[in-house]
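Here's the structure we're looking at; comments come further down.
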Amino acid sequence: MHTRSLFVYLCTLFAFVSLSTADIQKRSFSVSRVPNPNFTGRNGPRALVKAYRKFLMPLPDGLVAAMEAQDKKKGAQQAKRSPLKLREPKRRGLLSDLLSDLGLGGNTAGNAAGNQGGNRNNGNQGGNQVGNQGGNQAGNQGGNQVGNQGGNQIGNQNGGQGGNRNNGNGGQISTNTTSLATNQTGAVEAKPEKNEAEFISPVKIGGQMVNLDFDTGSSDLWVFSTQLNPALTNGHRVYDPSQSRTFRPMQGAQFRIKYGDGSQAVGNVGLDVVDVGGASFPQQAVQMATAVSDQFARDQNNDGLMGLAFSSINTVKPQQQRTFFDNVKGSLAEPVFTADLRKGSSGTYTFGSIDKSRFQGPLTWIPVNNTKGFWQFTSESFAVNGGQPQPASSGGQAIADTGTSLMLADPKMVMAYYAQVQGARNNAQMGGFTFPCNAQLPDLDVDVGGVYMAKVFGKDVNFAEVGNGECFGGVQVSPSPKFAIYGDIFFKSQFVVFNAGNNSLGMAPHA
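FYI, in mature numbering (1 follows the signal peptide of the UniProt record, and there is no 0) the residues of the sequence shown are -22 to -1, 1 to 489.
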């Protein structure tokens, strides 16, 4: 009798499991972007400052001066319109802000960015070390450590010999991998900020819509929240955890991060349902800002960021959290997402599938070194205007970064490129290379992983006007010759696949 009952039970269980397995379907979904109706024009020097700041690279004196001049001019214009707008006793000057971000100055609200233990930006000292030697402490001197405890060194150490060293992350990555048992698809429109200089997309958190920047150069999902001073949230969509029925606080979890525009965000962490393009994850870590820098608060088109780099550089303490992509990739048809961010088109991020109609020819696959948490690859040669390949710095590395507007490249590459642009110059007043706006710009081919030469069209290198008939170049010098950042200028010409299944990038020209 018992044997028969056990047999019936096992048969029923097998039938249920088989049915459940058949019902579980892998998914894919897309996030599309649309033109930003609030476009007011791009700013070349400011975009360069963002790129330098993102990785704590030293700012040239000319770039600092250019931004000071811009802010002074803007302040004078605001004073004419409304003198009261200038009465902000807690607001720092740009130079103070820059020095603080580089660990050389003070901060407001009692936070000393120049910590006793380190936070030194070493430029190219000792073999292109970029970042902090002494522990990467940010914020209070009492010890709020950000990122990797082992130093968070970006680029190649010891002249390239140790460039792929793992940093020994402080804390373990959360293993929260709640699976989804139903097929979910959907599409959502997004808005390119400042004429495709930065890509932002509407994302639902606990049923509340916010506009986030999808950033393959960071690994935090953080948002403006109701815990912020209301004076800092004007013009932003704000996430209110008290209005979410699915929100759950993470006791003791905190974060402190800095981004490419020099902004800083501090806050606490909770779990909530995050919906991207109609597909959701039920227990995604959401980092809620309780304090942000004035500069980020003034960004009217961005309510936070969604990091799409590797979870190893997530900044939540005491336990790092997984990115949205890491959490959903197991439920995707393929563990990939793609960036189709071509110029003059709406552009799309797709998760879980590769749309072959969006690129020409076969994809070339490039191995990625993710030991520093980035989509990083070698880049050691280039060609200008269809010419013969030329060597760049031996051992050079680059990352694919949708959160940076410009391309910061090897100095040899940049100098060789602008040598073929009539009237181009390294403009000290602008802090970077400029050229006559009517100049003919050659194409630039850059080595990706030693197996692919990616073409960047000359027409995409004209980034923004700076006045007097001159334009700011979208390709600029990286302070560290062995660490390049291939941002949106690169993505305008290339369809890119981010494959977490085998840690690789797939690239091909846009169709």
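Every residue gets a Cβ at the ideal spot worked out from N, C-alpha and C, and that includes glycine.
In this text, all values refer to a predicted model and were calculated from it rather than measured experimentally.
Could you tell me which uninterrupted beta strand (DSSP E) segments, each at least 3 residues in length, are contained entirely in the segment 374 to 398, listed from first to last along the chain? With a minimum length of 3 residues, the continuous beta strand (DSSP E) runs that stay inside the segment 374 to 398 are 375 to 378 and 385 to 387.
Beta-carbon proximity list for tryptophan 200, same chain, < 8 Å, skipping 5 on both sides: Position 222 of the sequence shown holds residue 200. The beta carbon of tryptophan 200 is closer than 8 Å to those of Phe233, Ile235, Ala243, Gly245, Val264, Gln265, Met266, Ala267, Gly282 and Leu283 in its chain, skipping five residues each way along the sequence.
Less than 8 Å between the CB of isoleucine 178 and some heavy atom of the ligand SAH, yes or no? Among the components of this structure there are no ligands whatsoever, and the ligand SAH is therefore not found.
Proximity to methionine 393 [Cα-Cα], best of Ala257, Asn404, Leu384 and Ser372: Taking the sequence shown and counting its residues from 1, one reaches residue 393 at position 415. Closest option to methionine 393, Cα to Cα, is Asn404.
Flag this pair as yes or no: are the beta carbons of valine 399 and proline 369 separated by less than 9 Å? Here residue 399 refers to the residue found at position 421 of the sequence shown. Here residue 369 refers to the residue found at position 391 of the sequence shown. Result no, Cβ atoms of valine 399 and proline 369 do not sit closer than 9 Å.
So is valine 247 buried or exposed if we call it buried at 16+ other beta carbons inside 10 Å? As a first step, residue 247 must be located in the sequence shown, where it is residue number 269. With at least 16 other beta carbons inside 10 angstroms of its own, valine 247 counts as buried.
Only counting the same chain, and skipping five residues up and downstream in sequence, which positions put a Cβ closer than 8 Å to that of alanine 311? Against the sequence shown, residue 311 aligns to sequence position 333. Its chain contains Lys4, Arg5, Ser6, Gly330 and Ser331 as the residues whose beta carbon lies nearer than 8 Å to that of alanine 311, once the 5 sequence neighbours on both sides are disregarded; these appear in chain order.
Those runs of the beta strand (DSSP E) which lie wholly inside the segment 206 to 281 and span at least 3 residues: List check, beta strand (DSSP E) in window: 226 to 236, 242 to 254 and 257 to 270.
Rounding to the nearest angstrom, what Cα-Cα distance links glycine 351 and aspartate 466 in this structure? Mapped onto the sequence shown, residue 351 falls at position 373. Mapped onto the sequence shown, residue 466 falls at position 488. Their backbone Cα atoms lie some 19 Å apart in a straight line.
Beta-carbon spacing of methionine 391, tyrosine 464 below 9 Å: Position 413 of the sequence shown holds residue 391. Position 486 of the sequence shown holds residue 464. Going by C-beta atoms, methionine 391 is not nearer than 9 Å to tyrosine 464.
Have a look at alanine 231 and leucine 206 and give me their C-alpha separation to the nearest angstrom. As a working note, residue 231 is residue 253 in the sequence shown. As a working note, residue 206 is residue 228 in the sequence shown. So the alpha carbons of these two residues sit roughly 17 Å apart.
Going by alpha carbons, who is nearest to threonine 356 out of Arg31, Phe225, Asn348 and Gly373? Within the sequence shown, residue 356 is the residue found at index 378, counting from 1. Checked all of Arg31, Phe225, Asn348 and Gly373; the closest Cα to threonine 356 is Gly373.
Euclidean distance between Cα positions of glycine 138 and glutamine 375: By one-based count along the sequence shown, residue 138 stands at place 160. By one-based count along the sequence shown, residue 375 stands at place 397. With a pLDDT of 36 at glycine 138, under the threshold of 50, the predicted position of this residue should be treated as unreliable, and no value is reported.
Do serine 471 and arginine 336 have their C-beta atoms closer together than 9 Å? What you label residue 471 is simply residue 493 of the sequence shown in a count that begins at 1. What you label residue 336 is simply residue 358 of the sequence shown in a count that begins at 1. Not in contact: serine 471 and arginine 336 (Cβ atoms no closer than 9 Å).
Note down the Cα distance separating glutamine 135 from glutamine 221, rounded to an integer number of angstroms. The residue labelled residue 135 in the question sits at position 157 within the sequence shown. The residue labelled residue 221 in the question sits at position 243 within the sequence shown. Caution applies to glutamine 135, whose pLDDT of 36 falls short of 50 and renders its modelled position unreliable; the value that the coordinates give is listed next. Cα to Cα, glutamine 135 sits roughly 47 Å from glutamine 221.
Taking the beta strand (DSSP E) that arginine 403 falls in, what are its first and last residues? In the sequence shown, residue 403 corresponds to position 425, counting from 1. Taken as a continuous stretch (DSSP letters only), the beta strand (DSSP E) holding arginine 403 covers 403 to 405.
Run through DSSP, which three-state label would asparagine 305 get? Taking the first residue of the sequence shown as position 1, residue 305 is located at position 327. Residue state, collapsed to three classes: helix.
Determine whether the beta carbon atoms of glycine 184 and arginine 215 lie at a separation below 9 Å. The residue labelled residue 184 in the question sits at position 206 within the sequence shown. The residue labelled residue 215 in the question sits at position 237 within the sequence shown. Taking 9 Å as the Cβ cut-off, glycine 184 and arginine 215 do not qualify as a contacting pair.
Alanine 287: which of Gly40, Asp49 and Phe476 sits nearest, CA to CA? The residue labelled residue 287 in the question sits at position 309 within the sequence shown. The shortest Cα separation from alanine 287 among Gly40, Asp49 and Phe476 belongs to Phe476.
In whole angstroms, what is the alpha-carbon distance linking threonine 412 and glycine 451? The sequence position of residue 412 within the sequence shown is 434, counting from 1. The sequence position of residue 451 within the sequence shown is 473, counting from 1. Their backbone Cα atoms lie some 6 Å apart in a straight line.
With a Cβ-Cβ cutoff of 9 Å, do phenylalanine 469 and alanine 387 count as a contact? For the purposes of this step, residue 469 is identified with residue 491 of the sequence shown, where counting begins at 1. For the purposes of this step, residue 387 is identified with residue 409 of the sequence shown, where counting begins at 1. No, Cβ-Cβ distance for phenylalanine 469 and alanine 387 is not below 9 Å.
Which term fits methionine 187, buried or exposed, when burial requires 16 or more other beta carbons within 10 angstroms of its beta carbon? The residue labelled residue 187 in the question sits at position 209 within the sequence shown. With fewer than 16 Cβ atoms within 10 Å of its Cβ, methionine 187 is classed as exposed.
Compute the beta-carbon to beta-carbon distance between tyrosine 327 and valine 42, rounded to the nearest angstrom, for a pair I have assumed lies under 8 Å. Your numbering for residue 327 matches position 349 in the sequence shown. Your numbering for residue 42 matches position 64 in the sequence shown. Rounded to whole angstroms, the Cβ separation of tyrosine 327 and valine 42 is 34 Å, and the two are not in contact under 8 Å.
Assign glycine 381 to one of two classes, buried (16 or more other C-beta atoms within 10 Å of its C-beta) or exposed (fewer than that). Counting from one through the sequence shown, the residue named residue 381 turns up at place 403. Glycine 381 comes out buried.
Lysine 295 versus Asp198, Met408, Gly428 and Asp39, residue with shortest Cα-Cα distance: Locating residue 295 in the sequence shown gives position 317, counting from the first residue. Measuring from the Cα of lysine 295, the nearest candidate turns out to be Asp198.
In the structure shown, what three-state DSSP assignment does methionine 45 receive? If you number the sequence shown from 1, residue 45 lands on position 67. In this structure, methionine 45 counts as helix in the three-state DSSP scheme.
Measure the C-alpha to C-alpha separation of proline 459 and aspartate 39 and round it to an integer number of angstroms. The residue given as residue 459 occupies position 481 in the sequence shown. The residue given as residue 39 occupies position 61 in the sequence shown. If you draw a straight line from the Cα of proline 459 to the Cα of aspartate 39, it comes to about 18 Å.
Judging by CA-CA distance, which residue of Gln338, Val444, Phe360 and Gly285 is the nearest neighbour of alanine 462? The residue you call residue 462 lines up with position 484 of the sequence shown. Cα-wise, what sits closest to alanine 462 is Phe360.
Relative to the alpha-carbon of glycine 365, which residue among Met431, Asn446 and Ile178 has its alpha-carbon at the smallest distance? Taking the sequence shown and counting its residues from 1, the one referred to as residue 365 is at position 387. Comparing Cα-Cα distances from glycine 365 to each of Met431, Asn446 and Ile178, the minimum goes to Met431.
In chain order, what residues of the same chain have a beta carbon less than 7 Å from the beta carbon of tryptophan 353, not counting five sequence neighbours either side? The sequence position of residue 353 within the sequence shown is 375, counting from 1. Cβ contact annotation for tryptophan 353 (same chain, cutoff 7 Å, sequence separation greater than five): Thr194, Ala287, Val346, Ile377, Ala378, Phe476 and Leu483, in chain order.
Report the three-state DSSP secondary structure of residue 493 (helix, strand or coil). Nothing can be reported for residue 493: it is not among the residues displayed for the chain, which extend from -22 to 489.
Using only alpha-carbon positions, find the residue among Gly339, Tyr396, Val362 and Val270 that is nearest to valine 455. Position 477 of the sequence shown holds residue 455. Among Gly339, Tyr396, Val362 and Val270, the Cα nearest to that of valine 455 belongs to Tyr396.
Assign glycine 22 to one of two classes, buried (16 or more other C-beta atoms within 10 Å of its C-beta) or exposed (fewer than that). Here residue 22 corresponds to residue number 44 of the sequence shown, with the count starting at 1. Classification for glycine 22: buried.
What does a CB cutoff of less than 6 Å around alanine 25 pick up in its chain, not counting 5 residues either side in sequence? Working through the sequence shown from its first residue, we reach residue 25 at position 47. Once the five neighbours on either side are set aside, the close Cβ partners of alanine 25 are Ser383 and Leu384.
List the DSSP bridge partners of cysteine 449. Counting from one through the sequence shown, the residue named residue 449 turns up at place 471. For cysteine 449, which the question treats as bridged, DSSP gives the partners Phe413 and Glu443.
Mapping the DSSP letters down to three states, classify aspartate 421 as helix, strand or coil. The residue given as residue 421 occupies position 443 in the sequence shown. Aspartate 421: coil per DSSP, three-state reduction.
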